[in-house]
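**Q** Counting in the numbering used here, the sequence shown runs without a single skipped number right up to 251 at its last residue. Here a beta-carbon is modelled for each residue, glycine too, at the ideal position from N, C-alpha and C.
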Amino acid sequence: MKRSDRRWLALLAGALVVVSAILYAIHFAFFREAHTMFFYLMQDLSFLPLEVLIVGLLIERLISLREKRSLQHKLNMVIGAFYSELGTHLLAELLPTMSAAAEIKERLHVVASWKKDDFARASQYARTLKCEVDLTRIDREALRAHLLEKRQFVLRLLENPNLMEHERFTDLLWAVLHLEEELEARVSLAELSPADEAHLEVDMRRAYNALLADWLKYVEHLKADYPYLFSLVVRMHPFQDAPSAIVAG
Numbered sequence: 003m004k005r006s007d008r009r010w011l012a013l014l015a016g017a018l019v020v021v022s023a024i025l026y027a028i029h030f031a032f033f034r035e036a037h038t039m040f041f042y043l044m045q046d047l048s049f050l051p052l053e054v055l056i057v058g059l060l061i062e063r064l065i066s067l068r069e070k071r072s073l074q075h076k077l078n079m080v081i082g083a084f085y086s087e088l089g090t091h092l093l094a095e096l097l098p099t100m101s102a103a104a105e106i107k108e109r110l111h112v113v114a115s116w117k118k119d120d121f122a123r124a125s126q127y128a129r130t131l132k133c134e135v136d137l138t139r140i141d142r143e144a145l146r147a148h149l150l151e152k153r154q155f156v157l158r159l160l161e162n163p164n165l166m167e168h169e170r171f172t173d174l175l176w177a178v179l180h181l182e183e184e185l186e187a188r189v190s191l192a193e194l195s196p197a198d199e200a201h202l203e204v205d206m207r208r209a210y211n212a213l214l215a216d217w218l219k220y221v222e223h224l225k226a227d228y229p230y231l232f233s234l235v236v237r238m239h240p241f242q243d244a245p246s247a248i249v250a251g
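#1: Would you list the one or two residues that DSSP bridges to V112?
#2: From which residue to which residue does the alpha helix (DSSP H) around N164 run?
#3: Would the C-beta of F171 count as close to the ligand SAM, meaning under 7 Å from any of its heavy atoms?
#4: Of the residues L214, D141, E151 and R170, which one's Cα is nearest the Cα of E183?
#5: Determine the direct distance from the alpha carbon of G58 to that of V21, and round the result to whole angstroms.
#6: Would the beta-carbon of N78 fall within 8 Å of that of H239?
#7: Enumerate in chain order the residues of its own chain whose CB-to-CB distance from L145 is below 7 Å, with the five nearest sequence positions on each side excluded.
#8: Could you have a look at V249 and say whether DSSP puts it in helix, strand or coil?
#9: Here's the rule I'm using: 16 or more other beta-carbon atoms within 10 Å means buried, otherwise exposed. How should Y220 be labelled?
#10: In whole angstroms, give me the CA-to-CA distance for A177 and R63.
#11: Just the Cα atoms here: how many angstroms apart are A192 and K76?
#12: Taking only three categories from DSSP, how would you classify V21?
#13: If you reduce the DSSP assignment to three classes, tell me which class V204 lands in.
#14: To the nearest angstrom, how far is it from the Cα of R170 to the Cα of I65?
#15: Determine contact between the segment 200-214 and the segment 121-132, defined as no fewer than three beta-carbon pairs at a distance below 8 Å.
#16: Report back the beta-carbon spacing between V113 and V235 to the nearest angstrom; my notes put them in contact at under 8 Å.
#17: Output the distance between the C-alpha atoms of S233 and A83, rounded to the nearest integer angstrom.
Here it is in structure tokens:
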């Protein structure tokens, strides 16, 4: 607590004590019943610790809820920046490598009419998704170049202290960063051994599964709190045949 805050609190406490003493003095001056006055004073004091406990717990709970909402708002801003800058592009770029690409598009084709149950079913599907990855269906050099270009952006996100409260999103960032490091560490991506391809496919699948799960949570948040951003996501997300920002008439 700042020194100025402590001084203000001390002044407030002193003022309340003085006001209370004045009120009791006025009461005594009018009614002259010291015995009755002190009886009720002691009665009030006997319940004071319990009242302080209840009020203290209530205030602490309210402050905690407010801080939690504030932190969640900041986290959603960070997550939104990630998907705008990199995440949505990766969802689109890696989708063709997935053996279940058609099913993923069908299950995760978010539309404006989606409700809580729709997001819950899609999230359950994303969490349990198991599919093969075919590295030959993607331009590896382009993927490496794009991830390398965004490396500093991802590192800056990881430096954000608020992410300590969001383990799932932190794991996603590490998965994406690890995929970038694996791709960068190879001199050439054109000729890889079957074992090396299999290793990269595991890294790619890990990153993609994490991208899907967090993307759904993020989009559900947009629908609830930012309908105008949700509208753009519905038109532009990669799980549809022809994403377009143009609003259909």
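**A** Let me lay it out:
#1: What you label residue 112 is simply residue 110 of the sequence shown in a count that begins at 1. BP columns for V112 are empty, so no partner.
#2: The residue labelled residue 164 in the question sits at position 162 within the sequence shown. Here N164 belongs to no alpha helix (DSSP H), and DSSP marks it neither H nor E.
#3: Annotation note on the ligand SAM: not contained in the displayed structure, which lists no ligands.
#4: Indexing the sequence shown from 1 puts residue 183 at position 181. Taking E183 as reference, the option from L214, D141, E151 and R170 with the minimal CA-CA separation is E151.
#5: Residue 21 sits at position 19 when you count from the first residue of the sequence shown. Residue 58 sits at position 56 when you count from the first residue of the sequence shown. Computed Cα separation, rounded: 22 Å.
#6: Numbered from its first residue, the sequence shown carries residue 78 at position 76. Numbered from its first residue, the sequence shown carries residue 239 at position 237. Contact: no.
#7: Locating residue 145 in the sequence shown gives position 143, where the first residue counts as 1. The answer, listed in chain order, is E95 and L185.
#8: Counting from 1 along the sequence shown, the entry for residue 249 is found at position 247. Here V249 sits in coil by DSSP.
#9: For the purposes of this step, residue 220 is taken as the residue at position 218 of the sequence shown. With 16 or more other Cβ atoms from the protein chains shown falling within 10 Å of its own Cβ, Y220 counts as buried.
#10: As a working note, residue 177 is residue 175 in the sequence shown. As a working note, residue 63 is residue 61 in the sequence shown. In a straight line, the C-alpha of A177 is about 35 Å away from that of R63.
#11: Position 190 of the sequence shown, counted from the first residue, corresponds to residue 192. Position 74 of the sequence shown, counted from the first residue, corresponds to residue 76. Near 41 Å, if we compare the C-alpha coordinates of K76 and A192.
#12: Taking the first residue of the sequence shown as 1, we reach residue 21 at position 19. Reduced to three states, the DSSP call for V21 is helix.
#13: Within the sequence shown, the letter at position 202 stands for residue 204. Three-state result, V204: helix.
#14: Numbered from its first residue, the sequence shown carries residue 170 at position 168. Numbered from its first residue, the sequence shown carries residue 65 at position 63. Straight-line Cα distance between these residues: approximately 25 Å.
#15: Touching, yes, given that three or more Cβ pairs across the two stretches are closer than 8 Å.
#16: Here residue 113 corresponds to residue number 111 of the sequence shown, with the count starting at 1. Here residue 235 corresponds to residue number 233 of the sequence shown, with the count starting at 1. Not a contact, Cβ separation roughly 11 Å.
#17: Working through the sequence shown from its first residue, we reach residue 233 at position 231. Working through the sequence shown from its first residue, we reach residue 83 at position 81. The alpha-carbon atoms of S233 and A83 are separated by roughly 17 Å.
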